[in-house]
Every structure is written in structure tokens, then in C-alpha cells.
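Remarks on the structure that follows.
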Amino acid sequence: MNSNYRINEFAKRVGRSVQTVRRWEKEGKLTAKRLPSGHRYFDESDVRARNLNAKRR
Numbered sequence: 001m002n003s004n005y006r007i008n009e010f011a012k013r014v015g016r017s018v019q020t021v022r023r024w025e026k027e028g029k030l031t032a033k034r035l036p037s038g039h040r041y042f043d044e045s046d047v048r049a050r051n052l053n054a055k056r057r
């Protein structure tokens, strides 16, 4: 079962600021899912993908 994370929780999981996560989304480096309310959320696959990309650098 995947966990869903709000943007602040996701930022903590990947060790970055909320502003950085928003910038990644704006630059197309990350795609957030949206709730009907418009809030962004991310799941465990997004965390794994960000961590994998960070290790490649």
C-alpha cells in the first residue's frame, strides 16, 4: 500500500524545502497529483524516484 504525502511531508522525506519541491514541479522535474481541493500530493514512488535521481548526481 502506498502512502500519500502532502507537499511538506514529501519535502521532509527527500530532505528539501517546500519551495524546492514547488520549483521542481514548475520546471517539470516532478509531477504532483492533485486532490479535488487543489492540494498537491505525492506517493512513495515519487519519494523513491527523487532519491534515485539524487544518488545519480
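So for the sequence shown, full-length UniProt numbering puts the first residue at 1; every next one is plus one.
We treat Cβ as the ideally placed atom computed from N, Cα and C, and that holds for glycine.
Take residue i as the anchor and find which of the options has the nearest alpha-carbon.
i: R22; options: L35, R6, P36 and S37; result: R6
i: S45; options: T31, S37, H39 and E27; result: T31
i: K33; options: F42, E25 and K26; result: F42
i: E25; options: L35, R40 and S3; result: R40
Give the range of the beta strand (DSSP E) segment to which residue i is assigned.
i: R23; result: R23 -> not in any beta strand (DSSP E); alpha helix (DSSP H) instead, spanning V18 to K26.
Give me whichever residues DSSP pairs with residue i in a beta bridge.
i: D43; result: N4
i: R34; result: R40
Leaving aside the five residues before and after residue i along the sequence, list all residues of the same chain whose C-beta is less than 8 angstroms from its C-beta, in chain order.
i: residue 59; result: Beyond the ends of the chain as shown, which are 1 and 57, falls residue 59; an answer cannot be given.
i: V47; result: Y5, F10, R13 and V14
Apart from the five residues on each side of it in sequence, which residues of its chain come closer than 6 angstroms, Cβ to Cβ, to residue i?
i: N8; result: V18
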